[in-house]
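Asks: Residue numbers (the numbering used here), protein chains in the order written: chain A, 5 to 167; chain B, 585 to 1003.
Don't be surprised by glycine CBs; every beta carbon is placed ideally from N, CA and C.
The structure follows.
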Amino acid sequence: MATPTSALIGKTDVFAAMAEDPAVIALAELATDAKFDRNELTITVARESIVAACEAVKAAGYNFFEDVTAVDWYPQEPRFQLSYHILSHSLKQRVRLRVLLDSSDASIPSITSVWPSANFYEREVFDLFGIDFPGHPRLTRIMMPENWRGHPLRKDYPVEGYR
Amino acid sequence: MAPVVAPDRITPGVEDVVADAKLHGTMGTGEHSMVLNMGPQHPSTHGVLRVVIELDGEIVVALAPDIGYLHTGIEKTCEAKFYQQVVPLTDRIDYLCPMTNNLAYCLAVEKLLGLEIPERAQLLRVLLNEITRIQSHLVWLGTHAMDIGALTMFLYCWREREATLRIFEAVSGQRMMTSYFRIGGLALEPPKGFFETIQTFLDAMPAHIDQYEGLLTGNPIWMGRLKGVGAISAADAIALGVTGPPLRASGVDWDLRRDMPYSGYERFKFNVPVSKDGDVWARYKVRMLEMRESVKICQQAMGMLDGKPGPIVADAPKIVLPNREKMKTEMEALIHHFKIVTEGFAVPAGEVYQAVESPRGEMGYYVVSDGTAKPYRVHMRNPSFATLQALETMCKGRLIADVVAVIGSIDIVLGEIDR
Chain A
5 MATPTSALIG KTDVFAAMAE DPAVIALAEL ATDAKFDRNE LTITVARESI
55 VAACEAVKAA GYNFFEDVTA VDWYPQEPRF QLSYHILSHS LKQRVRLRVL
105 LDSSDASIPS ITSVWPSANF YEREVFDLFG IDFPGHPRLT RIMMPENWRG
155 HPLRKDYPVE GYR
Chain B
585 MAPVVAPDRI TPGVEDVVAD AKLHGTMGTG EHSMVLNMGP QHPSTHGVLR
635 VVIELDGEIV VALAPDIGYL HTGIEKTCEA KFYQQVVPLT DRIDYLCPMT
685 NNLAYCLAVE KLLGLEIPER AQLLRVLLNE ITRIQSHLVW LGTHAMDIGA
735 LTMFLYCWRE REATLRIFEA VSGQRMMTSY FRIGGLALEP PKGFFETIQT
785 FLDAMPAHID QYEGLLTGNP IWMGRLKGVG AISAADAIAL GVTGPPLRAS
835 GVDWDLRRDM PYSGYERFKF NVPVSKDGDV WARYKVRMLE MRESVKICQQ
885 AMGMLDGKPG PIVADAPKIV LPNREKMKTE MEALIHHFKI VTEGFAVPAG
935 EVYQAVESPR GEMGYYVVSD GTAKPYRVHM RNPSFATLQA LETMCKGRLI
985 ADVVAVIGSI DIVLGEIDR
């Protein structure tokens, strides 16, 4: 499989240069944007299609869910970026799925139906960023106490906490 | 002065304990079941893990881990520090393998920067990482055996662990929070006599492992407590995010050091121990073999290093601090030093995920840069956090006494779970 040597930005460039990549083939329909930077493939998908995208990459051989986390780009909109890291044991490579969320509606379908291991990670993002995951079996705080106010990893959260 | 108001409740009440058990949908066993709270202060939870267990007699019907007691907001703290100032924070995540944390973080930032690390620094990093792995497995073995009742093991393991801690102390000045790796290389040249100390340790280690195995492997009590306990299938292990020795013990032949090499691991020859059984016994065997493989990797690294001099930092004066002699004689070096210390160094915008094989599994660092001198976001993917999700699958239908054996066998470190 041909691996590009320099960074590629944009769906057209990435999909043209990496046409044989299993993740690229699997997400040809669902991808809205793509990036290949520092040897890491990032594919952006819409919020509605995250479960379908996970199922597609899983079928393409990306069998192991590693991680989901968020980045808060406050005060920009769309404010939240979710990064899903998915690894393939057989292909020995990983793909990053990226979803952008507006602050007015920070929620995204849970992918625990595809990978049960996303359970704790989604709870962590819910707890620390305040992003909702409809479809999660039990979305409660995981790190902070139940009665905590605010979501500490948001950029507008005061470092010393609310008083 | 207003009187101090007592909080509504300090620990979750009984109703929460029951709710936690209900979470797994197995509360239907009726009047015979009992909900038991284990931890957070319990010696065999290896830290401050709280586990809510629903029991039918002595049989576990449901189990829910409750974490967060050690949450210190390290990810938030990272956002307020310069890139180089994050290194000491990474030590404190998984305090049993500081060097592995350092390596994962440094590799991630080096990937963002596009830095080339000199060969000697890479070899030293591998050497120290493998000694860290031995050290971490010794702590696991000592405490796991102690949980099960073999107290002697703890003393033997601590004897060898002392030797590894002395190695860390010699090289970094610290026994546990080493902070020895730097973005771009290593902090200091290893001291005189360093390699001789390591050689002595490595030469003695296989005989020590034989001794541990002599005490445990054929021991009927040890076998009785471990064999067939806490089994998990390969499919379940993958679905629940298990990595590292527990995954390999379930028959998945996957090791990041071999399959996605970093820091020059592709140059080393070693076996990846795999077992099919997936029980506590298999995890014990896999880790014991891993220690032997680590000794082999260390021996190879010693051979490649062979006492040869060479640079231990990348040639990047704007990122790596100059050495003290240069700083005292060259104006430019002094300026670089001043700028790095006061302003840090800007890292090109981008995002990277760098995973390494820690003693507990896949440790990944996700670093996002916005082009300034401070990381915009640092996220740690820690092996124990994911492995803990598999605890219920491993314990269900077994005796409550086996829960202790299973927790010991997945080798959790609460520092990295709660961060």
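Assign Lys-39 of chain A to one of three DSSP states: helix, strand, or coil.
Replies: DSSP places Lys-39 of chain A within a strand segment (E or B) once states are collapsed to three.
Asks: Name, please, each residue of chain B whose Cβ falls closer than 7 angstroms to the Cβ of Phe-68 of chain A.
Replies: Ile-822, listed in chain order.
Asks: Could you give the distance in angstroms between the alpha-carbon of Leu-132 of chain A and the alpha-carbon of Ser-92 of chain A?
Replies: 28 angstroms
Asks: Output yes if chain A places a C-beta closer than 7 angstroms to the C-beta of Trp-742 of chain B; else output no.
Replies: no
Asks: What distance in whole Å lies between the Cβ atoms of Pro-82 of chain A and Asp-106 of chain A, which are believed to be in contact at a cut-off of 8 angstroms?
Replies: The pair is a contact, with the Cβ atoms about 5 angstroms apart (cut-off 8 angstroms).
Asks: If you run the structure through DSSP and keep just helix, strand and coil, what is His-630 of chain B?
Replies: Coil at His-630 of chain B, not helix or strand.
Asks: Does the beta-carbon of Thr-78 of chain A have 16 or more other beta-carbons within 10 angstroms, so that it is buried, or is it exposed?
Replies: Residue 78 of chain A is actually Tyr in this sequence, not Thr. Classification for Tyr-78 of chain A: exposed.
Asks: How many Å lie between Ser-968 of chain B and Asn-67 of chain A at the Cα?
Replies: One C-alpha to the other measures close to 19 angstroms.
Asks: Could you check whether the Cβ of Lys-695 of chain B sits closer than 7 angstroms to any Cβ belonging to chain A?
Replies: yes
Asks: DSSP on Thr-748 of chain B, reduced to helix/strand/coil?
Replies: Here Thr-748 of chain B sits in helix by DSSP.
Asks: Output, in sequence order along the chain, the residues in the segment 643-654 of chain B whose CB is closer than 7 angstroms to any CB in chain A.
Replies: Ile-651 and Gly-652
Asks: Mind checking if Asp-41 of chain A is an interface residue toward chain B, Cβ cutoff 7 angstroms exclusive?
Replies: yes
Asks: Using a Cβ cut-off of 7 angstroms (strictly closer), state whether Ser-92 of chain A contacts chain B.
Replies: Not closer than 7 angstroms to any Cβ of chain B, the Cβ of Ser-92 of chain A fails to qualify, so no.
Asks: Applying a beta-carbon distance threshold of less than 8 angstroms, which residues of chain A neighbour Tyr-950 of chain B?
Replies: Asp-71, Thr-73, Ser-87 and His-89
Asks: For my contact list, Thr-716 of chain B and Met-683 of chain B are in at a C-beta cut-off of 8 angstroms; report their separation, rounded to the angstrom.
Replies: 4 angstroms
Asks: Do the segment 758-767 of chain B and the segment 836-849 of chain B meet, that is, are 3 or more Cβ pairs less than 8 angstroms apart?
Replies: The segment 758-767 of chain B is not in contact with the segment 836-849 of chain B.
Asks: Using only the alpha-carbon positions, how far apart do Glu-642 of chain B and Arg-809 of chain B sit?
Replies: 15 angstroms
Asks: Skipping 5 residues on each side, what residues in its chain have a beta carbon closer than 8 angstroms to that of Glu-659 of chain B?
Replies: Arg-961, Val-962, His-963, Met-964 and Arg-1003
Asks: Counting only Cβ-Cβ distances shorter than 9 angstroms, please list the residues of the segment 148-160 of chain A near chain B, keeping chain order.
Replies: Met-148, Pro-149, Glu-150, Asn-151, Pro-156, Leu-157 and Lys-159
Asks: Out of curiosity, what's the CA-to-CA distance linking Ile-594 of chain B and Pro-149 of chain A?
Replies: Legend: pLDDT at Ile-594 of chain B = 46, less than 50; position of this residue unreliable, no value from coordinates given.
Asks: Could you tell me if Arg-832 of chain B is buried or exposed, where buried requires 16 or more neighbouring beta carbons within 10 angstroms of its beta carbon?
Replies: buried
Asks: How far does the beta strand (DSSP E) with Val-18 of chain A in it reach, from first residue to last?
Replies: Premise fails: Val-18 of chain A lies in the alpha helix (DSSP H), 15-21, not in any beta strand (DSSP E).
Asks: Could you run through the segment 663-682 of chain B and flag, in chain order, every residue whose CB is less than 9 angstroms away from some CB of chain A?
Replies: Glu-663 and Ala-664
Asks: If the cut-off is 8 angstroms on Cβ atoms, which residues from the segment 953-982 of chain B count as contacting chain A, listed in chain order?
Replies: Tyr-960, Arg-961, His-963, Arg-965, Phe-969, Ala-970, Leu-972 and Gln-973
Asks: What residues from chain B crowd round Glu-44 of chain A, counting only those whose CB sits closer than 7 angstroms?
Replies: Taking a Cβ-Cβ threshold of 7 angstroms, the residues of chain B close to Glu-44 of chain A are Val-936 and Tyr-937, in chain order.
Asks: Jot down the residue ranges of each uninterrupted alpha helix (DSSP H) in the segment 101-162 of chain A, minimum 4 residues, whole runs only, in chain order.
Replies: Runs found: 122-133.
Asks: Taking the beta strand (DSSP E) that Leu-86 of chain A falls in, what are its first and last residues?
Replies: 84-92
Asks: Using a beta-carbon distance below 7 angstroms, is Met-5 of chain A in contact with chain B?
Replies: At Met-5 of chain A the pLDDT is 46, less than 50, meaning the model places this residue with poor confidence and gives no usable figure here.
Asks: My guess is that Val-3 of chain A and Ala-74 of chain A are in contact by the Cβ rule of under 8 angstroms, so how many angstroms apart are they, rounded?
Replies: Since the first and last residues shown for chain A are 5 and 167, residue 3 of chain A lies out of range.
Asks: Quick one: which chain A residues come within Cβ less than 8 angstroms of Lys-860 of chain B?
Replies: In chain order: nothing, as chain A lies at least about 17 angstroms away.
Asks: Do three or more CB pairs link the segment 925-942 of chain B to the segment 633-649 of chain B at distances below 8 angstroms?
Replies: no
Asks: Quick check on Asp-843 of chain B - is its C-beta less than 7 angstroms from some C-beta in chain A?
Replies: yes
Asks: Since I believe Leu-687 of chain B is in contact with Ile-903 of chain B (beta carbons under 8 angstroms), could you give me their beta-carbon distance rounded to a whole number of angstroms?
Replies: 17 angstroms between Cβ atoms; not a contact.
Asks: For Gly-945 of chain B and Gly-828 of chain B, which I take to be in contact (beta-carbon distance under 8 angstroms), what is that distance rounded to the nearest angstrom?
Replies: So it is a contact: roughly 3 angstroms between Cβ atoms.
Asks: Any beta carbon from chain B within less than 7 angstroms of Lys-62 of chain A's own beta carbon?
Replies: Chain B has no Cβ within less than 7 angstroms of the Cβ of Lys-62 of chain A.
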